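Residue numbers (my numbering), protein chains in the order written: chain A, 1 to 100; chain B, 101 to 200.
Glycine included, every Cβ here is placed at the ideal spot set by N, Cα and C.
From a predicted model like this one, the values you see are computed outputs, not experimental measurements.
Have a look at the structure below, then the notes.
Number of protein chains: 2
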Amino acid sequence: MTNKELSDIFKVLSDETRVQVIKMLTTEKLCACQLLKQLKISQPTLSHHMRILCDSGLVTAEKVGKWVHYQINSQMFDQMKLIFNFTKIDNIVCDKGTCR
Amino acid sequence: MTNKELSDIFKVLSDETRVQVIKMLTTEKLCACQLLKQLKISQPTLSHHMRILCDSGLVTAEKVGKWVHYQINSQMFDQMKLIFNFTKIDNIVCDKGTCR
DNA sequence: CCCTCATATAGACGGTTATCAATATGTATT
DNA sequence: AATACATATTGATAACCGTCTATATGAGGG
C-alpha cells in the first residue's frame, strides 16, 4: 500500500459522520433510510458520504428494490489493523551533536 | 473515544506527507532536518505538519540543542490498532420488503 | 398511469487546509 | 558580536470538502 493509498483511506475516515456510519454498520447491515434516521444530516449529504465510503472499498452496497443495503467490508478493516502493527526501534539519531 | 476524537486522528493521518513522516519515524527517531532531506516540501511546510502530528499526540518532540527529535508515540498506535478490532455481525435489516 | 418513497445528482456556498515566500526566534561556533 | 544553522511563525493563495436546496432518477403500490 502506497502512502497515497493509505492517506486516501484515512481521509475517508477523517469525517465524524462517516466514522459514525462505520460504527453503525459494525453491528448490522443497514439501508440508507435507517442510517439517515440516526444522523443529523440531510439525505443528499448522507448519499454523498455513502458514495465516498463505497468508493474507498470500506463499505459495500447492494441494491434491493427501492433500498440500498450498506455493509462493512471487513477485509479492508483487517488490512487496516495490520497497518498499525509496526515495530518501533529506539534508534537515537542526531546524537554526537551533529545532524550531518 | 468519541467519533469526533477518532475522526480528528484520522484527519491527521489523511495527508500523504504525514503518513510518510510516520513511516520514517517507525524505524528510528529523527530530527526535522533529516525528515526534510527526504521530503519534497519546504521547511515551513514540514514544521506545519510536525506541529499537527505532535498536537494529535501521534508523535512526540524533544528539543536537543538546535534540533528537535521526533518520535512515534506507540501508545497512540496501540490504541488505533484496537479500533479496527470490531466484530461484524451479519444481521439483515430492511428485509421483509420494508424499512419501517 | 399517477403518486409516494428511497436514493442520487447538480450546483452553490462557506470553511478548512496544504503550500509557499518572507521573516522571526533560538542555539551553537568562531 | 557576528555568522551559520535549525526550527517556528506569519500571511497569502489556491484547492478541496461538507453542507444545503432543488431537482432527477428509479422502484413499487393503488
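Taking all protein chains shown into account, do 16 or more other C-beta atoms lie within 10 angstroms of the C-beta of Gln34 of chain A, making it buried, or fewer, making it exposed? Under the 10 Å beta carbon count, Gln34 of chain A is surrounded by 16 or more other beta carbons and is classified as buried.
To be precise: take each residue of the stretch 20-46 of chain A, compare its Cβ to all Cβ atoms of chain B, and keep it if any distance is under 8 Å. Which residues remain? Gln20, Lys23, Thr26, Thr27, Glu28, Lys29, Leu30, Cys31, Cys33 and Gln34
To the nearest whole angstrom, what separates the beta carbons of Leu125 of chain B and Gln175 of chain B, a pair I think is in contact under 8 Å? Between Gln175 of chain B and Leu125 of chain B the Cβ distance is about 14 Å, and since that is not below 8 Å, they are no contact.
Looking at Val21 of chain A and Leu39 of chain A, is the spacing between their C-beta atoms short of 9 Å? yes
Beta carbon proximity, Ser7 of chain A to chain B, threshold 9 Å: Ser7 of chain A has a beta carbon lying within less than 9 Å of a beta carbon in chain B.
Run through chain B and tell me which residues come within less than 7 Å of Ser14 of chain A, C-beta to C-beta. Ser107, Phe110, Lys111 and Ser114
Going straight from the alpha carbon of Thr117 of chain B to that of Ile109 of chain B, what length do you get? 15 Å
Taking CB distances under 9 Å as the criterion, tell me whether Thr87 of chain A reaches chain B. Interpretation of Thr87 of chain A is limited by its pLDDT of 44, a score under 50 that renders its predicted location unreliable; no figure is taken from the coordinates.
Per DSSP, what kind of secondary structure is Leu13 of chain A in: helix, strand or coil? coil
At a Cβ threshold of 9 Å, is Lys63 of chain A touching chain B? Cβ-Cβ to chain B under 9 Å: no for Lys63 of chain A.
From this set, B:Leu106, B:Thr145 and B:Leu153, which residue's C-alpha is nearest Trp123 of chain B's C-alpha? As written in the sequence, residue 123 of chain B is Lys, which differs from the Trp given in the question. Relative to the Cα of Lys123 of chain B, the nearest Cα in the group B:Leu106, B:Thr145 and B:Leu153 belongs to B:Leu153.
Count the other CB atoms, across all protein chains shown, that sit within 10 Å of the CB of Leu130 of chain B; report buried if there are 16 or more and exposed otherwise. Its Cβ being crowded by 16 or more others within 10 Å, Leu130 of chain B is buried.
Buried or exposed for Leu82 of chain A, going by 16 or more other Cβ atoms inside 10 Å? It counts as exposed.
I think Leu158 of chain B touches Val19 of chain A, with their Cβ atoms under 8 Å apart; what is that distance to the nearest whole Å? Not really, about 17 Å apart at Cβ, beyond 8 Å.
DSSP state of Leu139 of chain B mapped onto helix, strand, coil: coil
Between the CA atoms of Asp78 of chain A and Phe184 of chain B - distance to the nearest angstrom: 7 Å
Same chain, Cβ closer than 8 Å to Trp167 of chain B, five either side skipped, listed in chain order: Excluding sequence neighbours, Trp167 of chain B sits near Cys131, Ala132 and Cys133.
Proximity to Thr45 of chain A [Cα-Cα], best of A:Thr2, A:Gly65, A:Asp15 and A:Glu28: A:Asp15
For the alpha helix (DSSP H) containing Lys163 of chain B, list its first residue and its last residue. Premise fails: Lys163 of chain B lies in the beta strand (DSSP E), Val159 to Val164, not in any alpha helix (DSSP H).
Just the C-alpha distance for Thr2 of chain A and Ser56 of chain A, rounded to the nearest angstrom, thanks. Ser56 of chain A has its alpha-carbon roughly 14 Å from the corresponding atom of Thr2 of chain A.
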